[in-house]
Amino acid sequence: MSTSGHTVQQQQQLQQDLQNELTSTNQLLRLISIELQKIKHFTASGGELESNILKNASLIENLARLQHVDLQNLPSVARSRYEEGNGNMSP
50 MSTSGHTVQQ QQQLQQDLQN ELTSTNQLLR LISIELQKIK HFTASGGELE SNILKNASLI
110 ENLARLQHVD LQNLPSVARS RYEEGNGNMS P
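The sequence shown begins at 50 in this note's numbering and counts up by one.
If you want it as structure tokens, here you go:
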């Protein structure tokens, strides 16, 4: 094969590789878009996240009432930091 024939073949291969990359990138962008829409729906006002937070808050209030805990006057607690690596909480 001549040098120019080899160059044409290389160009065609590069074009095909580029097309494959663009197709893969397009598919990934579509998947990202779908996931973002799910997050948007989940976190929307009146959505599932808000509903779960309200349910959890209500459950905590009920449990506190059963245990005679005044949620409005809880003592302050030192903040703790999650230690990466071993999963322990530390002050």
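Every residue gets a Cβ at the ideal spot worked out from N, C-alpha and C, and that includes glycine.
Inter-residue distance for VAL118 and ARG128 is about 21 Å (C-alpha atoms, whole angstroms). The same chain holds no residue with a CB closer than 8 Å to that of ILE102 once the five nearest residues on each side in sequence are set aside. For the pair LYS87 and LEU123, the Cα-to-Cα distance works out to about 36 Å. Shown here, ASP66 sits in a helix according to DSSP, grouped into three states. Between the alpha carbons of LEU78 and LEU112 lies a gap of roughly 44 Å.
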